[in-house]
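There are 2 protein chains.
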Amino acid sequence: MMEFIQDLLNNARHARRSIAALSDEGKKDLLRRLAAVISAHTAEIIAENKKDLDRMDPADPKYDRLLLNEARIAGLSASLLEVAELADPTGALISAHTTGNGLLIQKKTVPLGVVGVIYESRPNVTVDVASLCLRSGNVCLLRGGQDAQDTNQYLAGLIRSVLEEYGLDKNIVQQLPADRKYILDILTAEKYIDVIIPRGSDQLIELVRKNALVPVIETGAGVCHTYVEATAKLDDAARVVTNAKVSRPSVCNALDTILVDRSVAAPFLTKLAPQLSPYQVEVFADAEAYEILESTGYSFLQHAAPADYGREFLDFKCSVKIVDDLDQALEHIDAYSSKHSEAIMTEDAAKAELFLNQVDAAAVYHNASTRFTDGQVFGLGAEIGISTQKLHARGPFALEKLVTEKWIIKGEGQTR
Amino acid sequence: MMEFIQDLLNNARHARRSIAALSDEGKKDLLRRLAAVISAHTAEIIAENKKDLDRMDPADPKYDRLLLNEARIAGLSASLLEVAELADPTGALISAHTTGNGLLIQKKTVPLGVVGVIYESRPNVTVDVASLCLRSGNVCLLRGGQDAQDTNQYLAGLIRSVLEEYGLDKNIVQQLPADRKYILDILTAEKYIDVIIPRGSDQLIELVRKNALVPVIETGAGVCHTYVEATAKLDDAARVVTNAKVSRPSVCNALDTILVDRSVAAPFLTKLAPQLSPYQVEVFADAEAYEILESTGYSFLQHAAPADYGREFLDFKCSVKIVDDLDQALEHIDAYSSKHSEAIMTEDAAKAELFLNQVDAAAVYHNASTRFTDGQVFGLGAEIGISTQKLHARGPFALEKLVTEKWIIKGEGQTR
Numbered sequence: 001m002m003e004f005i006q007d008l009l010n011n012a013r014h015a016r017r018s019i020a021a022l023s024d025e026g027k028k029d030l031l032r033r034l035a036a037v038i039s040a041h042t043a044e045i046i047a048e049n050k051k052d053l054d055r056m057d058p059a060d061p062k063y064d065r066l067l068l069n070e071a072r073i074a075g076l077s078a079s080l081l082e083v084a085e086l087a088d089p090t091g092a093l094i095s096a097h098t099t100g101n102g103l104l105i106q107k108k109t110v111p112l113g114v115v116g117v118i119y120e121s122r123p124n125v126t127v128d129v130a131s132l133c134l135r136s137g138n139v140c141l142l143r144g145g146q147d148a149q150d151t152n153q154y155l156a157g158l159i160r161s162v163l164e165e166y167g168l169d170k171n172i173v174q175q176l177p178a179d180r181k182y183i184l185d186i187l188t189a190e191k192y193i194d195v196i197i198p199r200g201s202d203q204l205i206e207l208v209r210k211n212a213l214v215p216v217i218e219t220g221a222g223v224c225h226t227y228v229e230a231t232a233k234l235d236d237a238a239r240v241v242t243n244a245k246v247s248r249p250s251v252c253n254a255l256d257t258i259l260v261d262r263s264v265a266a267p268f269l270t271k272l273a274p275q276l277s278p279y280q281v282e283v284f285a286d287a288e289a290y291e292i293l294e295s296t297g298y299s300f301l302q303h304a305a306p307a308d309y310g311r312e313f314l315d316f317k318c319s320v321k322i323v324d325d326l327d328q329a330l331e332h333i334d335a336y337s338s339k340h341s342e343a344i345m346t347e348d349a350a351k352a353e354l355f356l357n358q359v360d361a362a363a364v365y366h367n368a369s370t371r372f373t374d375g376q377v378f379g380l381g382a383e384i385g386i387s388t389q390k391l392h393a394r395g396p397f398a399l400e401k402l403v404t405e406k407w408i409i410k411g412e413g414q415t416r
Numbered sequence: 001m002m003e004f005i006q007d008l009l010n011n012a013r014h015a016r017r018s019i020a021a022l023s024d025e026g027k028k029d030l031l032r033r034l035a036a037v038i039s040a041h042t043a044e045i046i047a048e049n050k051k052d053l054d055r056m057d058p059a060d061p062k063y064d065r066l067l068l069n070e071a072r073i074a075g076l077s078a079s080l081l082e083v084a085e086l087a088d089p090t091g092a093l094i095s096a097h098t099t100g101n102g103l104l105i106q107k108k109t110v111p112l113g114v115v116g117v118i119y120e121s122r123p124n125v126t127v128d129v130a131s132l133c134l135r136s137g138n139v140c141l142l143r144g145g146q147d148a149q150d151t152n153q154y155l156a157g158l159i160r161s162v163l164e165e166y167g168l169d170k171n172i173v174q175q176l177p178a179d180r181k182y183i184l185d186i187l188t189a190e191k192y193i194d195v196i197i198p199r200g201s202d203q204l205i206e207l208v209r210k211n212a213l214v215p216v217i218e219t220g221a222g223v224c225h226t227y228v229e230a231t232a233k234l235d236d237a238a239r240v241v242t243n244a245k246v247s248r249p250s251v252c253n254a255l256d257t258i259l260v261d262r263s264v265a266a267p268f269l270t271k272l273a274p275q276l277s278p279y280q281v282e283v284f285a286d287a288e289a290y291e292i293l294e295s296t297g298y299s300f301l302q303h304a305a306p307a308d309y310g311r312e313f314l315d316f317k318c319s320v321k322i323v324d325d326l327d328q329a330l331e332h333i334d335a336y337s338s339k340h341s342e343a344i345m346t347e348d349a350a351k352a353e354l355f356l357n358q359v360d361a362a363a364v365y366h367n368a369s370t371r372f373t374d375g376q377v378f379g380l381g382a383e384i385g386i387s388t389q390k391l392h393a394r395g396p397f398a399l400e401k402l403v404t405e406k407w408i409i410k411g412e413g414q415t416r
């Protein structure tokens, strides 16, 4: 391991004490000050961001994700003020009891310690993640993408200057060099880093999953289904499915596959087609659905290949499959779901219950769009991502889960 | 992957529905019935166990761990009855709120799904783990050690026969072949297994950590310190330290290193020596402590090598180090602790608070023996192990943590 990476890791461990000494009010105040500092440096941030943008082709889809303008920087400040207002997730008493021999045994929430976040193009992640870590008393190691390195280093520098202004250890927030070769050092630093959160492409998450010795919280892909059951209100179903697909196709809670009960396939798809049409949604349909959609004159129709199921489209595209019944829908979802967000449209309460119970996903919906899976909507505030794993955090991974537990036992000389 | 391993994995996924359909009372009843069946087959279990024992040298320390006799089998039955009485950890409502647009958003606990447990010599783990998984509605894949394979297969067979008797899918509990070559198949079956829990030696845990793509909960080693601060009641401290070392040295919450404040080193060690002496505790002492202990005539004294700090002894052995003050004690613990159980003996309330806050461990003690870190003592019932990691479960990993969360959203056609 390079010496400076070793220094970075030591610095992070050492900085835990400094953030631990800051009061709850102090943390809020610091975040408010940071909001003001970022706002005051809008021009400088834009200038640094331009260096990154100049290295990228404006036609690259990453260009827009990389871009920071006045509105987006104002958004960063606003989000810092929001995080400041969120309740401190640490110090909560989870349980307490006194044993027969007089031991007081308490369980409390405490910061995780050192949180590593590996992310890609969007530089706003630097500020979002740092603010959530600061709010919850965690030290963070940020490793942003090479594309955004000038912006990220400048933003981290602003955060560090505010930490120093408050008499704190500036290494509470460190931005690692973007060079890919250092990622392995970070992933295997289990003595120094308490958790790593990868945010970004499948390839990044795969790299982290394969190589990490540090525990990982994955915020993964969403392959989301909506099952239109035989008793569904078809107007509602067409409206909800359309919303789930088109309102923001590039995000993980957007719909990918429509499962429709054979008994309502023709009327449902006939209602759906004119709603998808204005968005030119490319539909990959199985043979039966193809025939129905073709008969409606739908223009953006393809035959579904096997790979079109279980595929996260992130675009104005979706697949359609006709199923026999709820059981077949459940089997399909079990086989293809990424366990993110899954919905059923039905007026049959018993079938709805069965679906909600049996589908294995972070969020399960009855008669609503999967697009609602989100930390803000779920009442958690800003999120680091949507966890599709089952340990520690499932669904929106937000401030409340940037903690671990600690058992605290107070005695008077008891022995066992 | 071998076809039969693929079948095993498919069977496990498929069996989730069967256990999900069993009521809470049904689960309790099944565990009580299993207790009776195990009791009724005591002779047969002993006969199968003898096959395993016959393959092992009775002088091997693993021999005793492998052995099942009437008393131990009665213990298994008793533990099944206890698990039956524990509260169902699933179906608990964690949060609920209705959004402005009328969505009801609930978060509930649900079973993890398929739990894999990889363990070594002790065949009682087969029954303990299966019972905790059944109680919490989880399917389990058990992979016991080669040493215990006849006993494990027989015990799993008994459990499966009871499942069938209840009209359930017997694949709710499956015992994998003990052959080491199948471990990798299990560790990388992230599409089938929701969590893997390794129980056993450091080498096993290392193998799992290095190769697992399935999320892991480690139940690791305990390198436990007790710091005797300057204001400690020295009689209490000597008694507590002795208990922490000698009451059961082979377990993870036993003391490994005594840190003692220089100002009380001589009187404390002079009180301690005669208490450790009857147990012939081999003490690895730093130069100063060595001199003091030597002057008391202590017979089982060694000079500490650097490797004697951070070492889990699991035996009547410990290391001693004299420190300047609380800060130095905290630094030592931070460098050498395995984050399991750490204690301070002090009458200084402020120093106690500082220690409890700053030490990064699953359990932190003021004026008590580290030996209390245990699921039963902490009020959780039977445990699968003591987690020294920070995600999901920290400290005793018991029934309450064999769950994940699920967001359940009920609407009336809402879109975003």
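Here the protein sequences come in this chain order: V and X.
Taking my numbering, the leading residue of the first sequence gets 1, the next gets one more, and so forth.
Taking my numbering, the leading residue of the second sequence gets 1, the next gets one more, and so forth.
Glycine included, C-beta positions come from ideal geometry on N, C-alpha and C.
All values derive from a computational prediction rather than experimental measurement.
Evaluate residue i with the Cβ neighbour count: other Cβ atoms within 10 Å of its Cβ, from every protein chain shown; 16 or more gives buried, anything less gives exposed.
i	result
residue 202/V	exposed
residue 261/V	buried
residue 394/X	buried
residue 91/V	exposed
residue 303/X	exposed
residue 376/V	exposed
residue 94/V	exposed
residue 315/X	exposed
residue 210/X	exposed
residue 98/X	exposed
residue 291/V	exposed
residue 69/V	exposed
residue 329/X	buried
residue 311/V	buried
Residue j and residue i - do their beta-carbons sit closer together than 8 Å?
i	j	result
residue 12/V	residue 139/V	yes
residue 136/V	residue 403/V	yes
residue 399/V	residue 132/V	yes
residue 229/X	residue 346/X	yes
residue 368/X	residue 352/X	no
residue 384/V	residue 197/V	yes
residue 253/X	residue 222/X	yes
residue 296/X	residue 270/X	yes
residue 195/V	residue 391/X	yes
residue 255/V	residue 273/V	no
residue 280/V	residue 300/V	yes
Alpha carbon to alpha carbon, how far is residue j from residue i? Give it in angstroms, no decimals.
i	j	result
residue 31/V	residue 82/V	9 Å
residue 371/X	residue 217/V	31 Å
residue 420/V	residue 349/V	With chain V covering 1 to 416 only, the question about residue 420/V has no answer from this structure.
residue 121/V	residue 167/V	31 Å
residue 288/V	residue 238/V	18 Å
residue 171/X	residue 397/V	33 Å
residue 104/V	residue 411/V	7 Å
residue 433/V	residue 109/V	An answer regarding residue 433/V cannot be provided, because it is not within the stretch 1 to 416 covered by chain V.
residue 116/V	residue 185/V	12 Å
residue 152/X	residue 126/X	6 Å
residue 134/V	residue 14/V	15 Å
residue 341/V	residue 363/V	5 Å
residue 250/X	residue 215/V	27 Å
Sorted by chain position, which residues of the same chain lie with C-beta nearer than 8 Å to residue i's C-beta, five sequence neighbours on each side aside?
i	result
residue 37/V	158, 161 and 162
residue 26/V	166
Go through its chain and collect everything with a Cβ distance to residue i's Cβ below 7 Å, but skip five positions before and after it.
i	result
residue 220/X	205, 338 and 388
residue 247/X	371
residue 322/V	260, 262, 265, 286, 288 and 289
Please return the same chain residues whose Cβ sits closer than 6 Å to the Cβ of residue i, not counting the five positions on each side in sequence.
i	result
residue 419/V	The requested residue 419/V does not occur in the structure, where chain V is confined to residues 1 to 416.
At a Cβ cut of 8 Å, what residues of the segment 355-368 of chain X count as close to chain V, listed as they run along the chain? 356, 357, 358, 360, 361, 362, 363, 364, 365, 366, 367 and 368
Under 7 Å (Cβ pairs) to chain V, residues found in the segment 320-345 of chain X: none
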